[in-house]
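Here the structure comes first, spelled out in structure tokens, and everything after it is commentary.
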Amino acid sequence: MAEQTFVIIGGGLAGATAATTLREQGFTGRVVLFAGEDEVPYIRPPLSKEFLAGSADRAEPQVHPEPWYAENSVELRRGTPVRELRPAAHEVLLDDGETLGYDKVLLATGASSRRLRGEAYPDLRGVYYLRTFAESEALRAALADGGRRVVIVGAGWIGLEVAAAARGYGNEVTVLGREDVPLEPALGAELGAYFGALHARNGVDVRMQVEVAGFEGESDVTGVRLADGEVVGADVVVVGVGAVPNTELAQAAGLRVEGGVVVDAALRAEGDADGLADVFAAGDVASAFHPVLGKHLHVDHWANAERQGAAAARSMLGQDLSFDRVPYFYTDQFDLGMEFSGYGDLMSGSRVVYRGDVGGGEFIAFWVTGPDNDARVVAGMNVNVWDVNEQIDALIASGRGVDVARLADPDVAIADL
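Okay, structure coming up:
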């Protein structure tokens, strides 16, 4: 392998972690990492958390300091988008016309913010999306002086984290959501309502079951128009309505794309086209077969990008693996810190079992299915309770039946379950 060239397309966490793992696993061939943004590879959670809130500097989200790449013989090509992937020829074409051959290639192109489009949503100053470093910097500058009317379209994770940061700067904040409660698709009605109450206690005007119909303003945004005709006044509008995998490169190359680049449990592209055995995908762009669920799963969270980036690198090296990790994410909002592990696809029809002090804001919530004496835990969320997530993850991954009474009892160690 010392004579081989591995190409990584994408300068986010998945791509940088793959490069790191290749070197840690002893790969001595050429590694070329193409980053579409003119940035050192970075992780995205701080863009809506610490960096946006002003408690982290610009270097903190970087996966590695820039010198690391040269020190580890990783050719970091910043601001260099790949125009075309040619699996049969085993080469990539860059925007400037340069071609580079490869032995293995990893697609780690990430995702982009879902945009509100059409005549009702003109391109006005004061409207922000949040996915990149540049977007987070611009939004932070808009929020930092406080005293502004901030309207957030979308009551998901990004929307609520931005709301918390905006309130921290002293802004007037309104969250607009379509569902009955915030975070309902992710957590269900009970826990979604818990987060809604958290924001209401901290001065956020949470308005659910509303439909956004457009933006108001000439050159600067002045408000958000609702379907019933009401206009919610705004100086700053933040749109957080999900993300779309960046699959254009893969589609043009003939790869199978269904909610992401379709890959097997080893993160290798599925299909019969020439050259696909040497094409891999990881992170926000991938839809990977999950052996526990028995179907393909697309996860748009940083932990998945980190874990899949490392797994894809080992797969590229010929190691036998099956990616079966339990999805994980975390959030920090006001005085609440939370970690979640679980299978969202298995939460439908489940019930919630609590352990700890829900009213006091220190508890664990378990989503369970099956009878009380032999229930399966499919997801768990620890709120302001620390050093338990690995145990929750292990319990979910084990698939073992548990007694619900013991699950709710804080005197029973989770490890004993």
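Going by the UniProt record's numbering, 216 is the number at position 216 of the sequence shown; the sequence numbering is gapless.
All C-beta atoms, glycine included, are put in the ideal place defined by N, C-alpha and C.
All figures in this text were calculated on a predicted structure; none of them were measured in a lab.
In this structure Gln4 is in contact with Gly29, their Cβ atoms being roughly 4 Å apart against a cut-off of 8 Å. Pro87 counts as buried, since at least 16 other C-beta atoms from the protein chains shown sit within 10 angstroms of its C-beta.
Between Gln62 and Phe34, the alpha-carbon positions lie close to 16 Å from each other.
If you draw a 10 Å sphere on the C-beta of Leu139, you find 16 or more other C-beta atoms in it, and that means buried. Counting only runs of 4 or more residues that sit fully inside the segment 244 to 276, the alpha helix (DSSP H) segments are 248 to 252, in chain order. Put simply, of Phe6, Gly12, Met1 the residue whose alpha carbon is nearest the alpha carbon of Val285 is Gly12.
For Ala111, the pairing in a beta bridge is given by DSSP as Pro245. The bridge partners DSSP lists for His290 are Lys295. Excluding residues up to 5 positions away in sequence, Leu107, Val261, Val263 lie with their Cβ nearer than 6 Å to the Cβ of Ala281 in the same chain.
Relative to Glu98, the option among Val82, Lys104, Thr109, Gly110 whose CA is nearest is Val82. Linking Leu94 to Leu267 through their CA atoms gives a straight-line distance of about 24 Å. Excluding sequence positions up to five before and after Pro65, its CB lies within less than 8 Å of the CB of Val40, Ala59, all in the same chain and listed in chain order. Judged by beta-carbon spacing, Asn373 lies within the 9 Å limit of Val404, meaning their Cβ atoms are closer than that value.
Put simply, the backbone Cα of Ala166 is about 25 Å away from that of Asn382. In summary, Gly242 is exposed, with fewer than 16 beta-carbon neighbours lying within 10 Å of its beta-carbon over all protein chains present.
Put simply, the backbone Cα of Tyr121 is about 13 Å away from that of Arg114. In this structure Ala252 is exposed. Its beta-carbon is surrounded by fewer than 16 other beta-carbon atoms within 10 angstroms.
Here the C-alpha atom of Arg44 lies approximately 22 Å from the C-alpha atom of Leu249. Scanning its chain for C-beta atoms nearer than 8 Å, with the 5 sequence neighbours on each side dropped, one finds around Val153 the residues Leu116, Gly159, Leu176, Val212, Val224, Val237, Val238, Val239, Gly240, Val241, in chain order. Thr369 is bridged by DSSP to Arg376.
Beta-bridge annotation (DSSP): Gly15 is not paired with any residue. Ala189 sits away from Tyr169, with the two beta carbons spaced by 9 Å or more. Within the same chain, Cβ atoms closer than 7 Å to the Cβ of Phe363 are found at Tyr354, Arg355, Gly356, Asp357, Val383, Val385, the five residues on either side in sequence being excluded. Apart from sequence neighbours up to five positions away, the residues of its chain that approach Ala19 with a beta-carbon distance below 7 Å are Ile8, Val31, Leu33, Val74, ordered along the chain. Lys104 has Phe6 as its beta-bridge partners, per DSSP. About 15 Å separates the Cβ atoms of Val221 and Val162, ruling out a contact at the 8 Å cut-off. Here the alpha carbon of Leu183 sits roughly 26 Å from the alpha carbon of Phe289. Ala213 sits in a strand when the DSSP states are folded into three classes.
Shown here for Val378: same chain residues with a beta carbon closer than 8 Å to its own, the five before and five after excluded, namely Gly342, Tyr343, Leu346, Met347, Ser350, Trp367, Val368, Thr369, Ile396 in chain order.
Here the C-alpha atom of Arg314 lies approximately 22 Å from the C-alpha atom of Asp274. Assigned with DSSP and collapsed to three states, Thr331 falls in strand. Our two residues, Val92 and Leu317, have alpha carbons roughly 20 Å apart in a direct line. In this structure, Ala155 sits away from Arg131, with a CB-CB distance that is not shorter than 9 Å. In this structure, Val206 and Glu172 do not form a Cβ contact; the two beta carbons are roughly 13 Å apart against a cut-off of 8 Å. Cβ-Cβ distances below 7 Å link Gly147 to Gly170, Asn171 in the same chain, with the five nearest sequence neighbours on each side left out; the list follows chain order.
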